[in-house]
Structures are given as structure tokens and as C-alpha cells.
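Protein chains in written order, with my numbering: chain A, 13 to 126; chain B, 6 to 120. Note that CB positions come from ideal geometry on N, CA and C, so glycine has one too. So the structure is just underneath, and the comments pick up after that.
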Amino acid sequence: DVKVTQSSRYLVKRTGEKVFLECVQDMDHENMFWYRQDPGLGLRLIYFSYDVKMKEKGDIPEGYSVSREKKERFSLILESASTNQTSMYLCASRPYSTTNYGYTFGSGTRLTVV
Amino acid sequence: AQTVTQSQPEMSVQEAETVTLSCTYDTSESNYYLFWYKQPPSRQMILVIRQEAYKQQNATENRFSVNFQKAAKSFSLKISDSQLGDTAMYFCAFMITGANSKLTFGKGITLSVRP
């Protein structure tokens, strides 16, 4: 069964800490995405990557960075966590394809910054 | 830029009845896909149904069907014979065609199915 695995289901961090959210996929997908989910706001794209070491900003990149050193792993980094980054974070992947548009999602990391 | 609007934040339906969830979108593109995703309390996003913009026929998946009105830029989801397991958040989403394309989501709607 194909999978996108997010390393933590729940995470509590202190303001100012550097936070790493990890995402690993086993489907050899080229495209990977990080979304943030907040009540009443839906899912908003933070960053995406279409190849190793490639990244592009999404709609809300401020306060975040990403790293993709290997094809299967896409990390979201909060350089200095703040309380307004308390949220649910969803990782997803899809193949580089013009016929297969299916996303595979991870099960999310609920981050609380105190 | 593409936008997806879900104007109803929540709905409730009696078990075995039919419910329709609304979605409108805005785009200047002509080739795109539309999706409905379900997110139950487990948080796992599940694809419910997909519609290709070039297809006039509305997509159907078992109890789920869509009413796709391209000119009106409307994409509603109908759930027939609602079941308790349909209780979830539902997101409407849009994607232009392309190998690197990404999903744009609406704000979601919380659907509760009453026993």
C-alpha cells in the first residue's frame, strides 16, 4: 500500500524553537507539498517541490522554509516557531504526470506552539 | 489565480437522506480538474470524486455524484442515502492540468449525518 508518512502526529514546541516536520513517501513521486490546515480557512499551500533540491513558494511561505535532499523526503522547517504557527500540517505527494493527478496525503501533524 | 469557494461552513442530514454540498470556483483556464475530498476525524484525506473539465458528463462514484456546470463555474457534490460514516469535513479542490500542478482548496464544509 502506497504511503506518505509524517513523522509526528502531535507535536508541542516552545516559542522561538526551530521545528522540523518530516514527510516521507514511498511511491517515487516527483512532486511533494506542504499544506497548512486551519478551521474556516481550509488547506493553504506553504511550499512545494517538484524535484530534489527544487522548491517553490506557495501561498503562505512566510515563516517557513523547506528542504528536499532526497526524492522521498520533504521537510518543513519553522526557523523560530511562533504561536500563530499552531496548526495542522499536511504533507502530500503526486507523480510528475499529465494523466495521473492523484494526490496521496499523509495523516497530518498537529503542531502546538506554546 | 484560481479560487475555490465553499460558502456553507456546516450542514446536517438525516441518515438515508440526500444532501448536496455547494462549491464554486473562479479561473481563466480552460483545462482543469475538480475534486471533492473527504476528511474524517482520523484526518486522512480521501478522494471522493473527480471531474475533468473537458467532460460534459457528470462524474459518479456509487452514492456520490457531482453537478458540474462549467459556464456557471459550479461543482456541487450530491450524497445519496447518507450514512453515519459520511460524517466528515468535505473539501472542494481545483487543479489546472500540468505535470507539476497543485491543488487549490476551498475552506471546507463540516457534514454531520444524524442517526
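DSSP places Leu-53/A in no beta strand (DSSP E); its state is neither H nor E. Listed along chain B are Arg-48, each with a C-beta nearer than 7 Å to that of Gly-120/A.
In this structure, Ala-98/B sits near Val-9/B, with a CB-CB distance shorter than 8 Å. Using a Cβ-Cβ cut-off of 8 Å, Pro-120/B does not count as an interface residue toward chain A, since no Cβ of chain A sits closer than that to its own. Relative to Val-78/A, the option among Thr-27/A, Tyr-47/A, Ile-89/A, Val-126/A whose CA is nearest is Ile-89/A. With a cutoff of 8 Å on beta-carbon distance, Lys-30/A and Ser-92/A are scored as near each other.
For Ala-93/B, the enclosing beta strand (DSSP E) starts and ends at 93–101. Distances from the alpha-carbon of Asp-38/A to those of Trp-46/A, Arg-106/A, Lys-65/A put Arg-106/A closest. Residue-level contact check: Tyr-59/B does not touch chain A, since none of the beta carbons of chain A fall below 8 Å from its beta carbon. In the DSSP assignment, the residues bridged to Lys-69/A are Tyr-59/A. Here Tyr-113/A is buried: its Cβ has 16 or more other Cβ atoms, across all protein chains shown, within 10 Å. Asn-43/A sits in a strand when the DSSP states are folded into three classes. Shown here, Asn-96/A sits in a helix according to DSSP, grouped into three states. By the C-beta density criterion, Ser-87/B is buried, having at least 16 other C-beta atoms within 10 angstroms. Distances from the alpha-carbon of Gln-11/B to those of Trp-41/B, Ser-33/B, Asn-36/B, Lys-75/B put Trp-41/B closest.
Straight-line measurement puts the Cα of Lys-83/A at about 37 Å from the Cα of Arg-68/B. Taking C-beta atoms as the reference points, Arg-56/A and Tyr-62/A fail to come closer than 8 Å.
Distance check between Val-53/B and each of Glu-66/B, Gln-74/B, Ser-117/B, Pro-46/B places Glu-66/B closest, using alpha-carbon atoms only. Under the rule that a run must span 3 or more residues, the beta strand (DSSP E) segments found entirely inside the segment 15–71 of chain B read 15–19, 24–26, 29–31, 37–44, 51–57.
Ser-105/A has a beta carbon lying at 8 Å or more from every beta carbon in chain B. The Cβ neighbour count for Phe-73/B, taken over all protein chains shown within 10 Å, is at least 16; the residue is labelled buried. Taking a C-beta distance under 8 Å as the contact criterion, Met-16/B and Ile-84/B do not qualify as a contact pair.
Among the residues of chain A, those whose CB is under 7 Å from the CB of Gly-111/B are Gly-54, following chain order.
Nearest to Val-125/A by C-alpha distance, out of Thr-98/A, Ser-19/A, Lys-67/A, is Thr-98/A.
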